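Residue numbers (the numbering used here): 199 to 712.
This is the structure we're talking about:
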């Protein structure tokens with residue numbers, strides 16, 4: 199049975215974090231709060247009798263992209279079937295009766311982290327609508343930067359919204375389009391939205407995939423015994439044994455249908471003017487799984503190269519290199535290789551402590567970092583340690599890890615970030631603190647070093663990050679990647695923020711969002 203969509207306290211929603219823990223306390227005490235949070239993951243399969251099972255497996259591989267909610271929608275030739283849940287994929291879609299619950303030859307799925315709208319069941323995707331052109335389900339990774347402006351216009355024109363998710367704006371635009379045919383309606387809708395998105399959509403006779411005009415959010419195409427697959431990352435293809443076909447291009451829509459013989463066929467259509475792609479560089483820094491390949495680059499190898507370049511730019515006289523697990527591991531390996539220092543697991547991560555374990559009592563909250571990380575005293579005692587992490591956001595968790603390492607006997611701690619200082623927030627689907635909460639936006643290097651209580655502090659340069667990506671450096675006239683978190687160079691218009699709509703309370707007036 200689905201969890202009730204009620205007004206109960208949700209410890210993951212921004213309002214209730216304050217209600218449970220007090221203003222600012224969760225960011226200080228829960229290590230998960232001091233990270234750039236996951237976006238979302240999308241998956242689609244067409245032409246397989248195991249569509250629901252494949253979707254569940256694909257979503258399991260994409261679980262790292264969002265843990266607040268998950269959903270699957272299928273079509274069996276006559277009816278749509280859908281399930282949406284709060285919680286993890288394995289808690290809801292790992293049972294043997296899944297093909298009976300969600301029958302069909304086509305399926306799309308979604309794992310969600312709430313960047314727009316609260317962590318409530320009504321906002322979990324795929325969203326399903328009954329349009330004049332037939333049933334239409336959509337799953338979305340990213341964020342529309344003019345969603346509030348469009349929503350206001352649609353509501354003024356009489357539209358009725360059932361969620362506070364920006365994805366529903368897209369559904370409304372498709373429903374109100376004057377074009378004929380679902381594909382043309384979708385093209386019409388896509389030409390009205392701004393921001394970052396990777397979409398998978400399901401109708402009664404096709405699956406559609408689309409990627410934003412700059413290719414900010416990732417989307418790949420694969421094949422499993424003739425059944426086309428769409429997924430956020432290649433790790434989802436690996437999970438189900440599918441082969442990688444290609445990356446969906448920026449500004450491209452792929453329409454997958456059946457031919458007269460019942461075989462899947464695909465049509466490619468461009469819905470925006472051709473322009474150079476600018477994929478999000480933070481996918482390589484933090485979000486994507488290290489075993490994924492994005493835009494032809496191995497995420498693992500890029501992170502290792504980040505560590506190698508970091509050692510050249512920010513060397514340290516030390517005895518041992520220790521990663522902050524898990525995303526700091528490849529960069530720490532690269533740092534150790536180039537510096538000639540031994541690589542050791544001086545910090546052990548506990549993967550079995552969920553967010554809900556962090557309780558409101560102060561004495562328990564103060565243990566937040568130690569619940570997730572443990573110091574390996576045998577490695578750290580009496581050593582000069584280089585701690586390598588993928589990035590630093592607020593710095594609260596980094597400071598606590600440094601304290602833990604010192605208490606384990608380290609005589610010196612040198613902190614190195616395998617990415618440049620994060621000085622600007624994200625508006626494209628990453629839940630990141632405001633600029634006033636970003637440590638590097640408020641403090642200079644000396645003040646950050648003092649705040650973290652480290653003997654030295656160093657960051658990878660922007661050009662060093664581009665070198666790790668295989669580029670000679672950042673092209674200032676035409677940047678190769680979306681890198682606004684480091685540079686402040688936002689690649690699209692931020693209409694909602696320009697018009698001060700972003701902070702507007704978007705509660706459905708008849709529903710409590712406690």
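Just so you know, even glycine gets a beta-carbon here, dropped at the ideal spot from N, CA and C. In this text the structure is predicted, and so the values were computed from the model without any measurement.
Evaluate the contact criterion for the stretch 645-665 versus the stretch 504-515: three or more CB pairs, one atom per stretch, below 8 Å. Contact holds between the stretch 645-665 and the stretch 504-515, because three or more Cβ pairs, one in each stretch, are under 8 Å apart.
Do you know offhand how far residue 695's Cα is from residue 609's? A straight-line Cα-Cα distance of about 46 Å links residue 695 and residue 609.
Proximal residues to residue 418 (C-beta, below 6 Å), its chain only, five neighbours per side dropped: Contacts found: 429, 432 and 445.
For residue 614 and residue 227, the rounded distance between their alpha carbons: Model confidence at residue 227 stands at a pLDDT of 45, short of 50, so the residue's coordinates are unreliable; what they give is reported in the following sentence. If you take the alpha carbons of residue 227 and residue 614, they lie about 22 Å apart.
Three-state secondary structure (DSSP) at residue 227? Note that residue 227 scores 45 on pLDDT, short of 50, meaning its location in the model is unreliable; the coordinates nonetheless yield the value given after this. It is helical.
Buried or exposed: which applies to residue 396, given that a residue is buried once 16 or more other Cβ atoms fall within 10 Å of its Cβ? Classified as buried, residue 396 has 16 or more neighbouring CB atoms from the shown chains inside 10 Å of its CB.
Ignore the nearest five residues each way along the sequence and tell me which others in residue 280's own chain have a CB closer than 8 Å to its CB. Within the same chain, residue 280 has close Cβ partners 269, 270, 271, 272, 300, 324, 326 and 335.
Excluding the 5 residues preceding and the 5 following residue 661 in the sequence, name in chain order all residues of the same chain whose CB lies nearer than 8 Å to its CB. Answer for residue 661: 671 and 672, listed in chain order.
Cβ neighbours of residue 462 in the same chain (closer than 7 Å, five flanking residues each side left out): So the qualifying residues of the chain are 244, 245, 424, 425, 426, 454 and 456.
Quick one, which of 267, 278 and 276 has its alpha-carbon nearest residue 290's? The residue from 267, 278 and 276 with its alpha-carbon nearest to that of residue 290 is 267.
Where does residue 621 fall in DSSP's three states? Residue 621: coil per DSSP, three-state reduction.
Cβ-based burial, residue 143 [other Cβ within 10 Å; buried from 16]: Outside the displayed range of the chain (199 to 712) lies residue 143, so it cannot be described from this structure.
Please classify residue 595: does DSSP put it in a helix, a strand, or coil? Helix, per DSSP.
Rounded separation between residue 521 and residue 689 - CA only: Using only the alpha carbons, I get a separation of about 32 Å.
Specify the secondary structure class of residue 497 as computed by DSSP and reduced to three states. In the structure shown, residue 497 sits in a helix (DSSP, three-state: H, G or I).
Could you pull the DSSP bridge partners for residue 399 from this structure? For residue 399, which the question treats as bridged, DSSP gives the partners 336 and 406.
Taking one C-beta from the stretch 250-265 and one from the stretch 294-311 each time, how about it: are there three or more such pairs within less than 8 Å? With the cut-off at 8 Å, the stretch 250-265 and the stretch 294-311 touch.
What does DSSP give as the partner residue(s) for residue 272 in the beta ladder? Answer is 279 and 305, bridged to residue 272.
Measuring straight from C-alpha to C-alpha, what distance separates residue 383 and residue 319? So the alpha carbons of these two residues sit roughly 27 Å apart.
Using 8 Å as the Cβ pair cut-off and three pairs as the minimum, do the stretch 596-603 and the stretch 358-366 touch? Touching, no.
Tell me the DSSP bridge mates of residue 587? According to DSSP, which records beta bridges pairwise, residue 587 is partnered with 615.
Taking the DSSP output, what are the residues bridged to residue 466? 452.
Starting from residue 243, trace the beta strand (DSSP E) in both directions and tell me its first and last residue. From DSSP, the beta strand (DSSP E) with residue 243 extends over 238-244.
Tell me, please, which residues DSSP counts as bridged to residue 572. Paired residues: 546.
What are the start and end residues of the alpha helix (DSSP H) that includes residue 442? No alpha helix (DSSP H) holds residue 442; the beta strand (DSSP E) holding it covers 441-445.
Quick one: what does DSSP say residue 459 is sitting in, helix, strand or coil? In the three-state reduction of the DSSP assignment, residue 459 falls in the coil class.
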